[in-house]
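**Student:** Below are the structure tokens for one structure; questions will follow.
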Amino acid sequence: MLSFFPIAMTFFLFIYEYRNYRLLKKARFLYEKDGVKYYQIESEEDNAITIKSVLYGKNIVIVGKEDFRILAHEEGHLHQPYFIYYFLTISALAISYNILTIPFLLIIYKAMFLHYERAADLYAYYNFNVKYSSDQQRPESKIDRIKAWIFDSHPPDWVREKEEYYEKKNILIKLFLEDLLS
Numbered sequence: 000m001l002s003f004f005p006i007a008m009t010f011f012l013f014i015y016e017y018r019n020y021r022l023l024k025k026a027r028f029l030y031e032k033d034g035v036k037y038y039q040i041e042s043e044e045d046n047a048i049t050i051k052s053v054l055y056g057k058n059i060v061i062v063g064k065e066d067f068r069i070l071a072h073e074e075g076h077l078h079q080p081y082f083i084y085y086f087l088t089i090s091a092l093a094i095s096y097n098i099l100t101i102p103f104l105l106i107i108y109k110a111m112f113l114h115y116e117r118a119a120d121l122y123a124y125y126n127f128n129v130k131y132s133s134d135q136q137r138p139e140s141k142i143d144r145i146k147a148w149i150f151d152s153h154p155p156d157w158v159r160e161k162e163e164y165y166e167k168k169n170i171l172i173k174l175f176l177e178d179l180l181s
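Just so you know, numbering that gives the first Met the number 0 puts 56 at position 57 of the sequence shown, and the rest follows in order with no gaps.
Now the structure itself:
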């Protein structure tokens, strides 16, 4: 069973690094600061993507216009571990052992992703006094709220705007349950 591990690991790394390559190839180089390369992709919507790669180093791809608030969040990601590599290794091992671990791995990935996104928000808040803001309203339907928690790459906008979100003592599970039960 574990003989599949090198194949799975190679596949996962290829997919991840190919995604990084495509993003950087599509973007225009802007500048380098403190060992981080900054790129830009033209877009109507402002956002950014942090790439931490063993092949490409530390990069931030600015989507749309450069915005201090967005870059403060992305700087938070630069101080985080290379969690994707840990996750890819664990996934390759688990899938090599038993293919039925995939649903469990997806849950772990989502939880890790939400944790690191909130950590980047907290970094921006405590180091730059930057809070997330959005016009998105909280849906009345619990199903719509659950979908937002599951399918968005960050905690939902209406949660990220609350004061409680920026209190370190409040864990994401608590915020999730309060959102669903209220």
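The beta carbon of each residue, even a glycine, is placed where N, CA and C say it ideally should be. Note that the structure is predicted; figures quoted are calculated from it, not measured.
#1: Please list the terminal residues of the continuous beta strand (DSSP E) segment that includes Ala119.
#2: Closer than 6 Å by C-beta to Leu54: which residues in its own chain qualify, once you throw out the five before and the five after it? Chain order, please.
#3: Tell me, to the nearest whole angstrom, how far the beta carbon of Ile50 is from that of Asn19; I am working on the premise that it is less than 8 Å.
#4: Cβ of Tyr124 within 7 Å of any heavy atom in the ligand ZN?
#5: If you draw a straight line from the alpha carbon of Ile89 to that of Tyr115, how long is it in whole angstroms?
#6: In the structure shown, what three-state DSSP assignment does Glu160 receive?
#7: Rounding to the nearest angstrom, what Cα-Cα distance links Tyr108 and Ile6 in this structure?
#8: Which residues mark the beginning and the end of the beta strand (DSSP E) in which Ile59 is found?
#9: Going by DSSP in three states, Glu74 sits in which element: helix, strand or coil?
#10: If you follow the beta strand (DSSP E) that Ala47 is part of, which residue opens it and which one closes it?
#11: If you count every other CB in all the chains shown that lies within 10 Å of the CB of Glu163, and 16 or more means buried, which is it?
#12: In this structure, how does DSSP classify Arg137 when only helix, strand and coil are distinguished?
**Tutor:** From the atom records:
#1: Stepping through the sequence shown from its first residue, residue 119 is reached at position 120. Looking at the DSSP string, Ala119 is not in any beta strand (DSSP E); the run it does join, the alpha helix (DSSP H), is Ile101 to Phe127.
#2: By 1-based counting over the sequence shown, the position of residue 54 is 55. Taken in chain order, the residues that qualify are Glu16.
#3: For the purposes of this step, residue 50 is identified with residue 51 of the sequence shown, where counting begins at 1. For the purposes of this step, residue 19 is identified with residue 20 of the sequence shown, where counting begins at 1. Confirmed, about 5 Å.
#4: As far as ligands go, the structure on display features none, and thus does not contain the ligand ZN.
#5: Here residue 89 refers to the residue found at position 90 when the sequence shown is read from its first residue. Here residue 115 refers to the residue found at position 116 when the sequence shown is read from its first residue. About 17 Å.
#6: If you number the sequence shown from 1, residue 160 lands on position 161. If DSSP states are grouped into helix, strand and coil, Glu160 belongs with coil.
#7: Here residue 108 is taken as the residue at index 109 of the sequence shown, counted from 1. Here residue 6 is taken as the residue at index 7 of the sequence shown, counted from 1. Taking the straight line joining both Cα atoms gives about 20 Å.
#8: Start at 1 with the first residue of the sequence shown, and residue 59 comes out as number 60. First-last of the beta strand (DSSP E) with Ile59: Gly56 to Val62.
#9: For the purposes of this step, residue 74 is taken as residue 75 along the sequence shown, with counting starting at 1. Residue state, collapsed to three classes: helix.
#10: What you label residue 47 is simply residue 48 of the sequence shown in a count that begins at 1. Run containing Ala47: Asn46 to Ser52, per the beta strand (DSSP E) assignment.
#11: In the sequence shown, residue 163 corresponds to position 164, counting from 1. Note on Glu163: under 16 other CB atoms within 10 angstroms of its CB, so exposed under the neighbour-count rule.
#12: In the sequence shown, the residue the question calls residue 137 occupies position 138. Of the three classes helix, strand and coil, the one that applies to Arg137 here is coil, per DSSP.
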